[in-house]
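Shown next, in structure tokens, is the structure this report addresses.
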Amino acid sequence: MKTLENMMILGRISGVFGVKGWVKIYSHTSPLQQIVKYSPVYLLKKDGWQAVQIIKGQRQGKGVIALLEGVDSRDQAFSLVGTDIGIQRDQLPDLSSDTYYWADLEGMSVFTLDNALLGMVDWVFNTGSNDVLVVKAENNKEHMIPWVENDVIKSVDVQRSRLVVDWDPDF
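Following this line, the structure appears as structure tokens:
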């Protein structure tokens, strides 16, 4: 077990599958089964990140299932439910200049076209039709801003950790 910097959480163990140690995974990757392609993955335990190999994994219904190294029984699998699954940042493929990982957006300052600070990106989720930025203001107000490039999202500056959006601060 060790503390690792630059970890990216890609999913969470959400349940067990069968009696031979398989786990159900709630995956944040796209496509969902991409999470089983990384090697190693890291499980966030009480005392830090533990590297583990995924022996087998596949899409199962609306989710993903996997068999992890060293997990041979339903009881062992059940003890992992709720555990975050991560990888080191350098395991991610490089992206084109106009594409971003959600984790790159989280924590960015969000400004309107008039340079008014809306808040900071707290988290991002997908609705099926587009991604949505959840922006928290200092007064705890939340703005849910759809990721619609050119119409709503006007500019992204990863170096300065700054987003400019066409958005009404009262909305």
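Add 489 to a position in the sequence shown, counting from 1, and you land on the number used in this note's numbering.
We put the beta carbon where it would ideally sit given N, CA and C, even for glycine.
Close CB contacts of Trp591 within its chain, under the 6 Å cut and outside five residues either way in sequence, are with Val613 (chain order). Pro529 and Gln565 have their alpha carbons spaced roughly 19 Å apart. Annotation: the continuous alpha helix (DSSP H) that includes Asp593 extends over Trp591 to Leu594. Only residues of its own chain outside the window of five on either side were considered, and among them Arg501, Ile502, Leu532, Leu533 and Lys534 have a CB closer than 8 Å to the CB of Thr572, listed in chain order. Arg649 carries a coil assignment under DSSP once its states are collapsed to helix, strand and coil. Secondary structure in the region 610-658: the beta strand (DSSP E) runs of 3 residues or longer, each lying completely within the stretch, are 620-625, 631-635, 642-646 and 651-654 in chain order.
With respect to Val599, Val570 sits apart: the two C-beta atoms are not nearer than 9 Å. Ala605 and Thr616 have their alpha carbons spaced roughly 27 Å apart. Residue environment for Val508: exposed (fewer than 16 other C-beta atoms within 10 angstroms of its C-beta).
The beta carbon of Ser650 is closer than 8 Å to those of Gly596, Met597 and Ser598 in its chain, skipping five residues each way along the sequence. Distance check between Asp646 and each of Ala626, Asp593, Ile634 and Asn619 places Asp593 closest, using alpha-carbon atoms only. Linking Ile554 to Phe506 through their CA atoms gives a straight-line distance of about 7 Å. Sixteen is the threshold: since fewer than 16 other Cβ atoms of the shown chains lie within 10 Å of the Cβ of Gly550, the residue is exposed.
Per the coordinates, the alpha-carbon of Arg563 lies some 37 Å from the alpha-carbon of Tyr589. Excluding sequence positions up to five before and after Leu622, its CB lies within less than 6 Å of the CB of Val610, Val613 and Ile634, all in the same chain and listed in chain order. Distance between Glu638 and Leu557, taken at the CA atoms: about 39 Å.
Minimum Cα-Cα distance from Lys513 among the listed residues Ile544, Gly552 and Ile524 corresponds to Gly552. In this structure, DSSP gives Lys526 a helical state, which the three-state scheme calls helix.
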